[in-house]
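Q: Counting in the working numbering, the sequence shown runs from 7 upward without gaps.
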Amino acid sequence: MLIEQLGPHGHPLLRQRFEGAGTECRVGRDLGCDIVVDDEHAASQHALLTLLEDGRVSVRDLGTRNGTRVDGEQVPADTGAIVEQGEIIVGRTRLRVRTRHAPIGAERVFRRDLVRRHRTLLAVAGVAASIAFGGFLQWLDAPSSMLRRVTTAGLIAFGAIALWSGLWALISKLNHGSWNVRVHVAIAAIAAAFCAWGYWVAGLVVFAAQWSVLVQAGVAVAGSVTLAALYLHLREATHYSRRIALALAGAVTLVIGAIVWIGTIAVEDGDVNRVNLGPDVRLGARRVVPNRDIADYLTDVDKLKLAAARERQKSLLNAPLADADN
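Right, dumping it as structure tokens:
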């Protein structure tokens, strides 16, 4: 039987092989155990694994308070459990057991993916495209000191890619023991160049064709590129499975999208050239007042004048004006 002690991300930290029917393997914190675990939730003598004559493994709990689990199920204290393969939980330590009865998958053909195969070319092309985009934006503004502005934009783009790639390279070093700098630079640079140039080209097409639906399509493409880049970074730098890496990449993409959206709103509100036209005002076609002749209006005006004169006379009789001498 082969017993592997697994790390937090599921990769083996220790492997031990046991042969012969009746061979026992004790697991616990005691130094007399065959597999010593540094786990405060494990007992000194926690579990006993015995290799049976038929090649299977008997798992027994040695009367611990937290118990022993096999594939998530508690091992009965009186009868134990017999397994051919599976994951054993001792305290919070994970052990994986495999015997001769465990099926072994077919050999996988080793194929290097596109990023790893052309990592140097992709890294150089992505960095060059990102720097070119920064210089292109400065050229569109037509500044007086063209060379200085273009150089500044190129250095900013190069520094951002270097900082982002360096962070992922450090994570890769901590998890795998290798930096994989060119791989992370290729992923970051290609994604940045694709989003930058794609955003500018999409804006140009929207302005030329006046198709507002292309704006939503461009946002969706940019989000997909960000999701793919984060997923590749996580797969190269960590031991996470595909599902976990995809879930984390999706969550981070949503957070980045929310930050960009809030930032865009703040920039638009602070733009002095932005004019808020307000809601559209559309007048109805129905007539509120029917058509009348001008003579009818003049007659009503005369009536109002006579009524106003009478009211004025009444007010003077009720409250006469004071004499100027008094």
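By construction, the Cβ of each residue, glycine as well, lies at the ideal position given by its N, Cα and C atoms.
Label residue 126 either buried or exposed according to how many other C-beta atoms from any shown protein chain fall within 10 Å of its C-beta, with 16 as the threshold for buried.
A: Translated into the one-based positions of the sequence shown, residue 126 becomes position 120. Exposed.
Q: Would residue 81 pass as a contact of residue 65 if the rule is Cβ separation under 8 Å?
A: For this step, residue 81 is matched to residue 75 along the sequence shown. For this step, residue 65 is matched to residue 59 along the sequence shown. Cβ atoms of residue 81 and residue 65: closer than 8 Å.
Q: Would you kindly report the start and end of the unbroken alpha helix (DSSP H) that includes residue 201?
A: In the sequence shown, the residue the question calls residue 201 occupies position 195. Element bounds for residue 201: 187 to 215.
Q: Taking only three categories from DSSP, how would you classify residue 67?
A: What you label residue 67 is simply residue 61 of the sequence shown in a count that begins at 1. Strand, per DSSP.
Q: Once you ignore the five residues that flank residue 75 on each side, which residues in its own chain have a CB closer than 6 Å to its CB?
A: On the sequence shown, position 69 is the one that residue 75 refers to. Around residue 75: 95.
Q: Taking DSSP's pairing of strands, which residues face residue 34 in a bridge?
A: Sequence index remark: in the sequence shown, residue 34 carries index 28 (1-based). DSSP lists 42 as partners of residue 34.
Q: What separation, rounded to the nearest whole angstrom, lies between the Cα atoms of residue 255 and residue 196?
A: As a working mapping, residue 255 is identified with position 249 in the sequence shown. As a working mapping, residue 196 is identified with position 190 in the sequence shown. Answer to the nearest angstrom: the Cα atoms are 17 Å apart.
Q: Less than 8 Å separating the beta-carbons of residue 122 and residue 189?
A: Here the question's residue 122 lines up with position 116 in the sequence shown. Here the question's residue 189 lines up with position 183 in the sequence shown. The answer is yes: Cβ separation under 8 Å.
Q: Can you tell me where the beta strand (DSSP E) holding residue 103 begins and where it ends?
A: Numbered from its first residue, the sequence shown carries residue 103 at position 97. Per DSSP, residue 103 belongs to the beta strand (DSSP E) from 99 to 104.
Q: Does the beta carbon of residue 171 come closer than 8 Å to any beta carbon on chain C?
A: Among the chains of the structure shown, chain C does not appear; only one protein chain is present.
Q: Using the DSSP secondary-structure output, state which residues sit across from residue 92 in a beta bridge.
A: The residue you call residue 92 lines up with position 86 of the sequence shown. Partner(s): 103.
Q: Buried or exposed: residue 216, going by 16 or more other Cβ atoms within 10 Å of its Cβ?
A: Within the sequence shown, residue 216 is the residue found at index 210, counting from 1. It is exposed - the Cβ of residue 216 has fewer than 16 other Cβ atoms within 10 Å.
Q: Spatial neighbours of residue 184 within its chain, please: CB distance less than 8 Å, with the 5 preceding and 5 following residues excluded, ordered by chain position.
A: Position 178 of the sequence shown, counted from the start, is the residue given in the question as residue 184. So the qualifying residues of the chain are 178.
Q: Using 8 Å as the threshold, is the stretch 192 to 207 in touch with the stretch 222 to 237, meaning 3 or more CB pairs across them?
A: Yes, the stretch 192 to 207 is in contact with the stretch 222 to 237.
Q: According to DSSP, simplified to helix, strand and coil, what is residue 250?
A: Locating residue 250 in the sequence shown gives position 244, counting from the first residue. It is helical.
Q: Beta strand (DSSP E) containing residue 10: first to last residue?
A: Numbered from 1 along the sequence shown, position 4 holds the residue referred to as residue 10. Note, residue 10: beta strand (DSSP E), 8 to 12.
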